[in-house]
Amino acid sequence: MSSRERILGRVRRALADVPSEDTPIERAYLREHGDRSVEETVELLAENLADYRAIVHRCTAADLPATLAGMLAARGAKTVLVPPGLERSWLAEADTEQVPDRVESTPHELDRIDSVVTACAVAVAETGTIVLDGGPDQGRRRITLVPDHHICVVRVPDQVVSSVPQALERLDPARPLTWISGPSATSDIELDRVEGVHGPRTLEVVLVDTQASAEVNS
Amino acid sequence: MSGTFVGMPAFPEAAHEAVNNRTLRGNLRHATHTIRAKREKAVSEVSDWAELREAGKQIKDHTLRHLDRYLVQLEESVVAAGGTVHWAADADEANEIVTKLVQMTGESEVVKVKSMATQEIGLNEALEAEGIRAYETDLAELIVQLGKDRPSHILVPAIHRNRGEIRDIFAREMSEWGRPAPEGLTDTPAELAEAARLHLREKFLRAKVGISGANFMVADTGTLVVVESEGNGRMCLTLPETLISVVGIEKIVPTWQDLEVFLQTLPRSSTAERMNPYTSTWTGTRDGRAGEGDGPQNFHLVLLDNGRSDTLADEVGRQALRCIRCSACLNVCPVYERAGGHAYGSVYPGPIGAILSPQLRGTASEIDASLPYASSLCGACYEVCPVAIDIPEVLVHLRERIVEGGPVVREGNKVVLKPAKGHAAERAAMRAARWAFAHPGALRTGQRLASRTRRLHPRSLPGPGKAWSGTRDLPAVPAEPFRDWWQRTNGGKESGK
Chain A
1 MSSRERILGR VRRALADVPS EDTPIERAYL REHGDRSVEE TVELLAENLA
51 DYRAIVHRCT AADLPATLAG MLAARGAKTV LVPPGLERSW LAEADTEQVP
101 DRVESTPHEL DRIDSVVTAC AVAVAETGTI VLDGGPDQGR RRITLVPDHH
151 ICVVRVPDQV VSSVPQALER LDPARPLTWI SGPSATSDIE LDRVEGVHGP
201 RTLEVVLVDT QASAEVNS
Chain B
1001 MSGTFVGMPA FPEAAHEAVN NRTLRGNLRH ATHTIRAKRE KAVSEVSDWA
1051 ELREAGKQIK DHTLRHLDRY LVQLEESVVA AGGTVHWAAD ADEANEIVTK
1101 LVQMTGESEV VKVKSMATQE IGLNEALEAE GIRAYETDLA ELIVQLGKDR
1151 PSHILVPAIH RNRGEIRDIF AREMSEWGRP APEGLTDTPA ELAEAARLHL
1201 REKFLRAKVG ISGANFMVAD TGTLVVVESE GNGRMCLTLP ETLISVVGIE
1251 KIVPTWQDLE VFLQTLPRSS TAERMNPYTS TWTGTRDGRA GEGDGPQNFH
1301 LVLLDNGRSD TLADEVGRQA LRCIRCSACL NVCPVYERAG GHAYGSVYPG
1351 PIGAILSPQL RGTASEIDAS LPYASSLCGA CYEVCPVAID IPEVLVHLRE
1401 RIVEGGPVVR EGNKVVLKPA KGHAAERAAM RAARWAFAHP GALRTGQRLA
1451 SRTRRLHPRS LPGPGKAWSG TRDLPAVPAE PFRDWWQRTN GGKESGK
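Residue numbers (the numbering used here), protein chains in the order written: chain A, 1 to 218; chain B, 1001 to 1497.
Written as structure tokens, this is what we have:
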């Protein structure tokens, strides 16, 4: 008998006493916590991101290229990784050498790059979390992992949800998902929180207000 | 479970040693009190905690009731996404499967994400025996590995070490395993973390094989979830070409939606954060689904039983399989705080370990038979448990099983457990009590006799009761039995003292 059959057989015998009828799972918990306007939800995202030591910037769509260029310059970044589908105009004003995200690049090559700029799939206000799903404007997992500086652009308000349940609804489980809440951290030494272990030690999040620009354009 | 703890003394002896270690007690007290206060704050932020807890309990119970069905469904989903599924009935089989998989890649080293399941089966030692070096990459696991030590906490395995001890371990041992610690390393946590970063980065960047566990497996999508803080998990799950995940069969949730409960309760219960810094989910291989060249090319899932189906057979004890390994119960436990994790003689210490280890391993050894007694039954563990495991109920149930014996399931077979040795006096006392309560005349005579001779009673018990009365006062026997008083005063209606 294979181990598969052996384990399944044991499980079935172990459950012989269990009645077959099932009551539905009671989901009495909330879909979101508190009553907030859209602007308040974005504000909460900014607060919670900052609370876990992400550096938060806010700007309009028109100001985004200048904002990103300024951030890279302030960091002194010489090279920046760029996912294949990143909006080209975003880095139009940056002075930094742009390195495309390629399947063939080795982890050692990625390790030599200063910064990475990506978009995101969704951001969760209540927990201060940004979620990447490997889409064309976010690139493969490794590019937001190996370089020490990650800049993530969140389109507000349309990419912002209040809560974890709302985020899961929007995400496709078939995609490789990475949920990021603040920079890398550890609490393994006397349970003191220290930022920066293996992941990027600096996380900067740009909340770009797409609504404001839409109004300007219309 | 693993042979790591073979020869461990039973809990009272091991705990006695730990309680006399002042450094250890100080480290533990500091750590558990810090996280306790933080957790309370994190939990109070969500107004629907009770509802989340209830839903978590129900989802896990539902899964366990239909575990066979969900295991088969999970297997189908993982295979459809390009993964390979292996089944391991016990630790040896799991170790053998993983060793073969690593050997097939031609590699002789692997990087590991912190995983309780691989600790449980003693995977590192098994790999070592075959000439494969396994590098632990979680900071706390690294401290334990470099210190040739054993983990003492589910979440923070090096909780028993303070920063000075960690500095010494790094300075002394890092060069043995790779990049040495920087010159003049101090004991500030930031510097220690930096030393670990530099030491491990060279391993991450060259690793071809990663080994992990998983916090959750989603049956309907075949998705695995790893929740972590440092980014070492992301490194091991992303950079290697081959990923091997060893996961207990109880870690399933039926649907993607179910994660909405646990991704809220797990971080707040464990590290006391709104959300842990990193959560990674993956479904099959990079070519199997929507991966688009992302992550490992080969993915192997090893489904581990190792006593879980036996635990499932126990109607009271099976609730221990709801555990999501948050470790909140350790941090509130007055016994854990003083005895430390090593005293439990298992990779699962604290209250959850006291009910999980004797069920997974059986109660044949002295340490396992002593674990259900490693508790004051204060109930704090049940209060904080995010999936509402009634740990005190299971402890009492296991105590009864150890004293009385009875039918249990071991390795899938029904066996009858003999009453444990060393409980003969307790059993005799209980039998005598049962007889006395069933014979009111004898009880009355006995009580009167006890009252009249009360001046002659010794202050401590003789024989097997000696240990008990060594640390406790014997209750004083009243001058008149209650039932005599009741009769004499007509139920207290007439005056009488």
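Where is the CB? At the ideal position from N, CA and C, for every residue including glycine. Keep in mind that this is a model prediction, so the values were computed, not measured.
Contact set for residue i: own chain, Cβ-Cβ below 8 Å, skip 5 residues either direction
i: V1113/B; result: T1137, D1138, G1210, I1211, S1212, G1213, V1226, E1228, N1232, G1233, C1236, L1237
i: A1436/B; result: A1442, L1443, G1446
i: H1525/B; result: Residue 1525/B lies beyond the residue range present for chain B, which begins at 1001 and ends at 1497; the question has no answer from this structure.
i: R1338/B; result: A1015, A1018, V1019, R1025, L1028
i: A1195/B; result: F1170, M1174, A1181, P1182, L1185
i: E93/A; result: P65, A66, L68, A69
Neighbour flag for residue i against chain B, beta carbons, 8 Å
i: H149/A; result: no
i: S105/A; result: no
i: R4/A; result: yes
i: S218/A; result: Note that S218/A scores a pLDDT of 42, beneath 50, so its modelled location is shaky and nothing firm can be said.
i: P83/A; result: no
i: G70/A; result: no
i: V154/A; result: no
i: V161/A; result: no
i: T202/A; result: no
Cutoff 7 Å; reference residue i; Cβ partners in own chain excluding five residues on either side
i: P147/A; result: L81, L110, I113, D114, S115, V116, P200
i: N1276/B; result: V1227, E1228, S1229, P1267
i: K1038/B; result: A1272
i: Q98/A; result: V80, V82, L91
Within chain B, the residues that residue i reaches when beta carbons sit closer than 7 Å
i: R12/A; result: D1068
i: L145/A; result: G1231, R1234, M1235, T1238
i: R140/A; result: G1293, D1294
i: A119/A; result: Result: empty, since nearest Cβ-Cβ is about 15 Å, beyond 7 Å.
i: P65/A; result: Residues of chain B passing the Cβ test: none, with the nearest at roughly 27 Å.
i: A77/A; result: In chain order: nothing, as chain B lies at least about 19 Å away.
i: D127/A; result: Note that residue 127/A corresponds to Thr in the displayed sequence, not to Asp. The contacting residues are R1274, M1275.
Proximity test, Cβ basis, 8 Å: residue i and chain A
i: S1047/B; result: yes
i: L1356/B; result: no
i: I1169/B; result: no
i: L1071/B; result: yes
i: M1001/B; result: The predicted model places M1001/B with a pLDDT of 49, which falls under 50 and marks its position as unreliable; any figure quoted below should be read in that light. It does not; no Cβ of chain A falls within 8 Å.
i: I1249/B; result: yes
i: W1177/B; result: no
i: V1156/B; result: yes
i: A1140/B; result: yes
i: I1166/B; result: yes
i: T1034/B; result: yes
i: S1309/B; result: yes
i: H1397/B; result: no
Contacting residues, own chain, Cβ-Cβ under 6 Å from residue i (five flanking each side not counted)
i: Y1344/B; result: G1353
i: P1351/B; result: C1329, C1333, C1381, I1391
i: E43/A; result: none
i: N1413/B; result: none
i: P157/A; result: V38, V42
i: V1302/B; result: H1086, A1088, A1094, I1097, V1246
Proximal residues of chain A, C-beta to C-beta of residue i below 8 Å
i: Y1278/B; result: T178, W179, I180, S181, S184, G199
i: T1186/B; result: Here the premise fails: no neighbours, minimum Cβ distance about 12 Å.
i: G1412/B; result: R6, G9, R10, R13
Chain A residues whose Cβ lies nearer than 9 Å to that of residue i
i: E1051/B; result: E26, R27, A28, Y29, L30
Supposed close pair residue i, residue j - CB separation, criterion 8 Å
i: R1161/B; j: T1186/B; result: 16 Å between Cβ atoms; not a contact.
i: D1310/B; j: A1089/B; result: Incorrect: roughly 11 Å between the Cβ atoms, too far for contact.
i: L1192/B; j: R1163/B; result: 7 Å
i: K1060/B; j: Y1135/B; result: Between Y1135/B and K1060/B the Cβ distance is about 32 Å, and since that is not below 8 Å, they are no contact.
i: S1502/B; j: P1475/B; result: Beyond the ends of chain B as shown, which are 1001 and 1497, falls residue 1502/B; an answer cannot be given.
i: P1419/B; j: G1405/B; result: 4 Å
i: V11/A; j: L1449/B; result: At roughly 55 Å, the Cβ-Cβ gap does not stay under 8 Å, so V11/A and L1449/B are not in contact.
Contact set between residue i and chain A, taken where Cβ atoms lie within less than 7 Å
i: Q1257/B; result: L168
i: L1205/B; result: P107, H108, D111
i: N1162/B; result: E190
i: W1282/B; result: P176
i: R1197/B; result: V197, H198
i: T1271/B; result: S187
Amino acids of chain B, ordered along the chain, whose beta-carbon sits closer than 8 Å to that of residue i
i: V18/A; result: R1065
Any non-hydrogen atom of the ligand FAD closer than 7 Å to residue i Cβ
i: A1193/B; result: Looking at this structure, you won't find the ligand FAD or any other ligand, since it has none at all.
For this session: Could you pull out every unbroken alpha helix (DSSP H) segment of at least 4 residues lying fully inside the stretch 1164-1219 of chain B, listed in chain order?
Result: Taken in chain order, the complete alpha helix (DSSP H) segments of 4 or more residues contained in the stretch 1164-1219 of chain B are 1189-1206.
Exercise. What residues in the stretch 1295-1306 of chain B have a beta carbon less than 8 Å from any beta carbon of chain E?
Worked result: Included in the structure are the protein chains A and B, with no chain E among them.
Exercise. Taking only runs of the beta strand (DSSP E) that begin and end inside the stretch 1259-1298 of chain B, which ones reach a length of at least 3 residues, in chain order?
Worked result: 1278-1283
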